[in-house]
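Residue numbers (the working numbering): 263 to 377.
Encoded as structure tokens, the structure appears first; notes follow it.
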Amino acid sequence: MADIWVVGTSMTMDRSGPLVRADSITHLMASTEKVVATQIGSDDVITLVHQDSVGHGLRGPHPVPWDFHLALLAKLPEARKLAQDSEEDLLLFPSLDDNQEWDWSVMTVSELRNG
């Protein structure tokens, strides 16, 4: 079974966002500005989504839904089901849809790199 990684957004153009294994996240918190997480064994706070992010094609500010951390949890079962049959790790990443609404997308590493 493949691992599932959450791709955080970066606030700078020359740097990619953090990668966090989904099964290592122990704490999530959301506001209309951002979604943050902590990992098992660490007190470091990792920003997964920020309204002003520039990474992954996002252009802000786009207020983050107050429950976007719950949307991440709702997307995890879909990613887990896909991971069962995948030999390649999967990425969950925040994106804006065609209506400029926040959503979590699931892709393989090669789909994201080649897409």
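By construction, the Cβ of each residue, glycine as well, lies at the ideal position given by its N, Cα and C atoms.
None of these values were measured; they are calculated from a predicted model.
Note down the Cα distance separating E340 from F355, rounded to an integer number of angstroms.
One C-alpha to the other measures close to 13 Å.
When DSSP labels each residue in this structure, what does G270 get in the three-state scheme?
G270: coil per DSSP, three-state reduction.
For W366, does the count of other Cβ atoms within 10 angstroms reach 16, so buried, or fall short, so exposed?
W366 should be labelled buried.
Q366 bridges to which residues according to DSSP?
Here residue 366 is Trp; the residue named in the question, Gln, does not match the sequence. Answer by DSSP bridge pairing, in chain order: P356.
Would the region 338 to 352 count as touching the region 303 to 318 if we require 3 or more Cβ pairs under 8 Å?
Output reads no: the region 303 to 318 does not touch the region 338 to 352.
Quick check on DSSP: helix, strand or coil for V297?
In the structure shown, V297 falls within a strand segment according to DSSP collapsed to helix, strand and coil.
Should G303 go down as buried or exposed, given a rule of 16 or more other Cβ atoms within 10 Å for buried?
Counting Cβ neighbours within 10 Å, G303 comes out exposed, since fewer than 16 surround it.
H312 to M263 span [Cα, whole Å]
Their backbone Cα atoms lie some 30 Å apart in a straight line.
What residue range is occupied by the uninterrupted alpha helix (DSSP H) comprising A336?
Boundaries of the alpha helix (DSSP H) around A336: 330 to 346.
Regarding E373 and the ligand PLP, is the C-beta to nearest heavy atom distance less than 7 Å?
No copy of the ligand PLP occurs in the structure displayed, which carries no ligand at all.
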